[in-house]
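Protein chains in written order, with my numbering: chain A, 1 to 448; chain B, 1001 to 1448.
Number of protein chains: 2
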Amino acid sequence: MPKRIVIIGAHAAGVDAASAARKTDRTAEITLITEEKHAGYSRCGLPFVLAGHIPSFQNLIVFPPSFYQMMKLNLKTETKVTKINAGNKTVETVDKTGKTEALPYDSLILATGANSFTPPIKGKEKQGIHSLRTLEDGEKIEEAIKNGAKTAVVMGAGLIGLEVAVALQERGLKVTVVELLPQILPMMLDADMASMIQEMLQIKGIDILTGKGVEEFLGTEKVTGIMAGGQQINADLFVSAFGVRANTQLAVDAGVALGETKTIKTNARMETNVKDIYAIGDCAESTHIVTQKPAVQQLGTVAVRHGKVAGINAAGGYALFTGVLGSAVTRLYDTEAGVTGLTEAAAQRARIDVATGTITSKTKADYYPGARPIKVKLVVEKESQRIIGAQIIGGEEVTQRINAISFAIQKQMTVRELAKADTAYAPPVCETWEPLVLAAEMVLMKLK
Amino acid sequence: MPKRIVIIGAHAAGVDAASAARKTDRTAEITLITEEKHAGYSRCGLPFVLAGHIPSFQNLIVFPPSFYQMMKLNLKTETKVTKINAGNKTVETVDKTGKTEALPYDSLILATGANSFTPPIKGKEKQGIHSLRTLEDGEKIEEAIKNGAKTAVVMGAGLIGLEVAVALQERGLKVTVVELLPQILPMMLDADMASMIQEMLQIKGIDILTGKGVEEFLGTEKVTGIMAGGQQINADLFVSAFGVRANTQLAVDAGVALGETKTIKTNARMETNVKDIYAIGDCAESTHIVTQKPAVQQLGTVAVRHGKVAGINAAGGYALFTGVLGSAVTRLYDTEAGVTGLTEAAAQRARIDVATGTITSKTKADYYPGARPIKVKLVVEKESQRIIGAQIIGGEEVTQRINAISFAIQKQMTVRELAKADTAYAPPVCETWEPLVLAAEMVLMKLK
């Protein structure tokens, strides 16, 4: 009898799991279930459609129906899983017509994702508070813009919040960003690096209010303003980008244990505590490569890597997940910002004694036209002199510099080794002394 | 008495050595000697001035006179060192007025560089064969273009040859490149990767003749054509880009030993076999990080790294050079090409049993406008599964991908570790599955 693999969730994690399972077992019956109308689209692309860089939300559907046919995957959209019976190994579903079904599984993969989260703020039940998690969310914001919204408030200055703020500003709206913490991108960058992005955004015309919590949503039925830090801000459009919360209820009800990050606890094979149930993507916990502690990194790259490992294992193969570093990058206007490993603040929270070094250099030879500034901050564990984190802000090649440092961290490179590293150079693409190497030099000077 | 440090050569290697020596010893008397009129300019930038990307050759002077004043460096231009007396520790010089001098040294650093080399081809004594090694060389080619040259032949399809060919074509000349070997970029890329660049250059209108040696320079006093592979090619401008030869005669005459690469043998402190004499840059040998054998990499990055180590040691400090990988990159039109470590061909020559993997992907999310193709070839040592080389061709972020693999090689990352690596992603800057990771997957499939 063919192996029955059921996957709850059909985006980055779920689809990559299905794909890996298919490659591992050509005969397995693989079913993907999603509550959403559209499966297999790139959530990370949503802000860039809003910004107008990408013509349509439909362009984000990276796995079209033909993919599921070719891979012989059974896709059930607009179908909700109401219960997991770990005892008799079935999942109960209900589709949009109300039809219920009990699907048996040999392996179950939970890719239930996360949902946008709005804290319990007075008036949050009012209409008109948007978020940007699904394709439909994007279409609703698009509609609001097309209906003439001229001003917007974005609540939360994390990655998504800022990407949305930039998108709205690029579409001509006057945008205010409100952030409870004293800096923008608090999970991604140290305050000294974040201030550079904040200044850039302000120069572009985005109002940024840090250290201000949203206290109330104003308006009768529909939100027309917020109170933040005692200040009233009215707008036509409100976007909640406070963050996301993992969808774990279904798992918890089935006896699946959560870890200390309140996401589903997994081992290196992405197995949960319940036999034959795996968890992947935004709902699943990983181990951090530097701290070796549980960590949750709700990133597309982690989702696909999780998915691949779980898919192979669920189909009877063998694969291990090697942990996360939280490598992430974005582009806001023409400035790129990236991070890998621990920020200085995160290292301090983890009680790791660090030295840091920050330098500013250029992305091309100084004499080559179009050379742009780039700023690198390295975080180094003092005793071992190992690199444990980096933050980079600049106009070019930030992503691959982040990847280079990610590799360095994963292979326990010391800051001295980085200061001596063999790097490539040509005037149109970089400086003779690579900025990463200069940042390593800076740390070494401090360590002397 | 202050330490007397004499440096022969005043470009990348020499100036970085002087700078490092000064930072190590605030009181040393540091003298830089060069035969050239201009010191401290970027040779790597020469083709890009010719191309018209950079306004003037003068822009390439990255260390202006004020630098030497600020660093208290004694710079002697248009001065030739005629002899090194290792016995009484002096160098004999003659300046452009014919004045001779004997300069005593405590430490001597040889940064004598390399010169363009034209093989013993019939008629090579004729006028009008240009090369592009010095600022004056560049000015002469510029003059030829301004005097109405319409056609050019570039002899040699290495990095410099192709950069010059592109520059001349961008300036409107009809360019033919002649290469003895059956492929372009023979020292940098495997034939399968090089063919991609060759096609691109041909589409841009450059004629490329591979597998054809230059047999004769034609013309009476001045070269007006060449015979190559039995074919006569006439042109207005001829550029010799056969390669460079290290300038070692001065060193050899002083008893300094050469290594098996015919460049000056050095140890990890960049010391030669003669006490207190160091050698750096294009005239000096290094150890290859992968093969652990003597290697010569005449690159700007190696020169400055050599210089720094020798400068510190010559001034009484302690620094070690950790070897070369030959990481190099160029941009031809809007295509970047890079290499680090061993090519497949170089690995075979070194009798290393390898597996390779080549993939083509995109530089941005498939749906993001402007995504460009990128091709990655990984070379992996079969038994250890360690990455020992990579070649990358694409439109964006090739340099930092090369650096990422360079770090991976230096830290002995296996191809399996790369296939599982944590990488950063955002739609405008890369794909979810990093091309480097996909190439690693491809190698793993072959290793199964």
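From the three backbone atoms N, C-alpha and C, an ideal C-beta is built for every residue, glycine too.
So, at 7 angstroms on beta carbons, what are the nonlocal neighbours of residue i in its own chain, with the 5 sequence-adjacent residues on each side left out?
i: P104/A; result: R4, K89, T90
i: G205/A; result: Q169
i: D334/A; result: G395
i: K1126/B; result: F1217, G1219, E1221, K1222, V1223
i: R1245/B; result: A1114, N1115, F1117
i: G1243/B; result: F1117, G1156, G1158
i: P995/B; result: With chain B covering 1001 to 1448 only, the question about residue 995/B has no answer from this structure.
Under the three-state reduction of DSSP, which class applies to residue i: helix, strand or coil?
i: K1096/B; result: coil
i: S1103/B; result: In the sequence as displayed, the identity of residue 1103/B is Leu instead of Ser. If DSSP states are grouped into helix, strand and coil, L1103/B belongs with the strands.
i: Q127/A; result: strand
i: L325/A; result: coil
i: Y68/A; result: helix
i: L250/A; result: helix
i: D1025/B; result: coil
i: L1075/B; result: strand
i: N115/A; result: strand
i: K1308/B; result: helix
i: S1384/B; result: coil
i: R43/A; result: helix
i: F1063/B; result: coil
i: F242/A; result: coil
i: V1256/B; result: coil
i: N313/A; result: helix
What is the residue span of the beta strand (DSSP E) that residue i lies within?
i: Y278/A; result: 277-279
i: P1047/B; result: Here P1047/B belongs to no beta strand (DSSP E); instead the alpha helix (DSSP H) covers 1046-1050.
i: L135/A; result: Segment 135-146 is the alpha helix (DSSP H) holding L135/A; no beta strand (DSSP E) there.
i: R1004/B; result: 1004-1008
i: A337/A; result: 335-341
i: M155/A; result: 151-155
i: E36/A; result: It is not in any beta strand (DSSP E) - E36/A carries neither H nor E in the DSSP assignment.
i: I208/A; result: 207-209
i: A228/A; result: 225-228
i: S1361/B; result: 1354-1362
i: K174/A; result: 174-178
i: F1057/B; result: Segment: none, F1057/B is in no beta strand (DSSP E) and carries neither H nor E.
Quick check on the DSSP output: the alpha helix (DSSP H) that includes residue i runs from which residue to which?
i: I1160/B; result: 1159-1170
i: Q232/A; result: Taken as a continuous stretch (DSSP letters only), Q232/A belongs to no alpha helix (DSSP H), being part of the beta strand (DSSP E) at 231-234.
i: K446/A; result: 435-447
i: S195/A; result: 191-203
i: E1344/B; result: 1344-1349
I believe residue i touches residue j by the beta-carbon criterion, under 8 angstroms. Please report the beta-carbon distance rounded to the nearest angstrom.
i: I109/A; j: I280/A; result: 6 angstroms
i: A337/A; j: T330/A; result: 6 angstroms
i: K375/A; j: D16/A; result: K375/A to D16/A, Cβ: 34 angstroms. No contact.
i: V1324/B; j: Q1391/B; result: Going by Cβ atoms, the distance from V1324/B to Q1391/B rounds to 17 angstroms, so no, they are not a contact pair.
i: V178/A; j: K212/A; result: 5 angstroms
i: V304/A; j: A12/A; result: 5 angstroms
i: V290/A; j: I388/A; result: 5 angstroms
i: A1039/B; j: F1057/B; result: Contact doesn't hold; Cβ gap of about 14 angstroms is too wide.
i: E271/A; j: I121/A; result: Between I121/A and E271/A the Cβ distance is about 38 angstroms, and since that is not below 8 angstroms, they are no contact.
i: D422/A; j: Q1410/B; result: 7 angstroms
i: T134/A; j: C283/A; result: Contact doesn't hold; Cβ gap of about 16 angstroms is too wide.
Got a sec? Which residues, its chain only, sit under 8 angstroms from residue i by beta carbon, not counting five neighbours each side?
i: L332/A; result: L162, E163, V166, I197, M200, L201
i: R372/A; result: K362, T363, K364, G394, G395, E396
i: H1130/B; result: D1137, K1140, I1141, A1144, L1237, F1238, V1239, S1240
i: T432/A; result: A365, Y425
i: K377/A; result: D190, D192, M193, E344, T356, G357, T358, A390, Q391, I392, A439
Return the chain-ordered list of same chain residues with a C-beta closer than 6 angstroms to the C-beta of residue i, the five sequence neighbours on each side being excluded.
i: E35/A; result: K80
i: V296/A; result: T261, T263, E285
i: L237/A; result: A144, A149, A152
i: G1311/B; result: A1017, A1020, A1021
i: G1326/B; result: Q1297
i: A315/A; result: A21, T24, D25, A28
i: I1176/B; result: What sits at residue 1176/B in the sequence shown is Thr, not Ile. Around T1176/B: V1153, D1207, I1233.
For the ligand FMN, any of its heavy atoms closer than 7 angstroms to the Cβ of residue i?
i: A10/A; result: Although the ligand FMN was asked about, the structure shown includes no ligands whatsoever.
Runs of alpha helix (DSSP H) wholly within the region 1388-1432 of chain B (minimum 4 residues, chain order) = Secondary structure remark: continuous alpha helix (DSSP H) runs of at least 4 residues inside the region 1388-1432 of chain B, in chain order: 1398-1410, 1415-1419.
Which ranges would you report for the beta strand (DSSP E) in the region 259-305 of chain A if only whole runs of at least 3 residues count?
-> For the region 259-305 of chain A, whole beta strand (DSSP E) runs of length 3 or above, ordered along the chain, are 277-279.
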